[in-house]
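See below for the structure under consideration.
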Amino acid sequence: MSARIQVGGTIPAQSVKENAPDAATPLVLSGKNIIVGVPGAFTGTCHAQVPGYIENYEEFKAKGVNEIYIVSVNDVFVTKAWKENLAPKGSAVHFIADDNAAFTKSLGLDFDATPVLGGSRSLRYVIVTDGDKVQTITVEADPGKSIETAASAVLASL
Numbered sequence: 000m001s002a003r004i005q006v007g008g009t010i011p012a013q014s015v016k017e018n019a020p021d022a023a024t025p026l027v028l029s030g031k032n033i034i035v036g037v038p039g040a041f042t043g044t045c046h047a048q049v050p051g052y053i054e055n056y057e058e059f060k061a062k063g064v065n066e067i068y069i070v071s072v073n074d075v076f077v078t079k080a081w082k083e084n085l086a087p088k089g090s091a092v093h094f095i096a097d098d099n100a101a102f103t104k105s106l107g108l109d110f111d112a113t114p115v116l117g118g119s120r121s122l123r124y125v126i127v128t129d130g131d132k133v134q135t136i137t138v139e140a141d142p143g144k145s146i147e148t149a150a151s152a153v154l155a156s157l
């Protein structure tokens with residue numbers, strides 16, 4: 000496990016997948032961004048947390064947010080299906096498949112979820128960036144809960 004990224008740190012250059020399993024592209028961050036890390040698509044807490052980011056997308060934009068990225072350690076087929084389930088009419092929120100947890104591990108935000116989810120997964124976190132520089136980072140003490148990383152809490156902090 001890498002050292003946990005800190006405020007002022009740089010988001011490591013990692014390729015991620017959004018649209019196809021054979022189309023990994025670098026995560027290019029410009030302006031203010033929100034990166035939301037979740038343990039797994041379709042899991043109870045994650046499935047309840049993420050709609051807040053979709054429903055409040057325009058409020059985030061009004062506060063200067065350029066892009067919102069939902070990152071989960073799942074394959075691209077799962078993340079695409081999850082986005083279609085949560086936003087059947089589409090959404091500008093990006094759902095990122097970190098299929099081998101490389102991005103999550105590069106941030107030092109992975110944990111062993113083998114007993115419940117079968118392997119390494121992401122802690123529940125929110126990072127606000129300015130470009131690729133971390134402005135704030137919030138990590139839930141219990142990845143099974145979404146309190147500080149709820150969309151309403153993040154909006155209030157911007």
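Counted from 1, the sequence shown has number 130 at position 131 by numbering that gives the first Met the number 0; the numbering is strictly sequential. All residues carry an ideal CB built from backbone N, CA and C; glycine is no exception.
Original post:
Can you list, in chain order, the stretches of the beta strand (DSSP E) that have 3 or more residues and sit fully within the segment 83-110?
Top reply: 93-96
Original post:
Which value, in whole angstroms, describes the spacing of the CA atoms of K88 and E54?
Top reply: About 12 Å.
Subject >> Beta carbon proximity, V138 to chain D, threshold 9 Å >> reply: Reference to chain D is not applicable here, since this structure consists of a single protein chain.
Original post:
Do K79 and F94 have their CB atoms nearer than 9 Å?
Top reply: In contact: K79 and F94 (Cβ atoms closer than 9 Å).
**OP:** For my contact list, A19 and W81 are in at a C-beta cut-off of 8 Å; report their separation, rounded to the angstrom.
**Re:** That belief does not hold up - the Cβ atoms of A19 and W81 are roughly 16 Å apart, past 8 Å.
Subject >> Limits of the alpha helix (DSSP H) - the one that S151 falls within >> reply: A150 to S156
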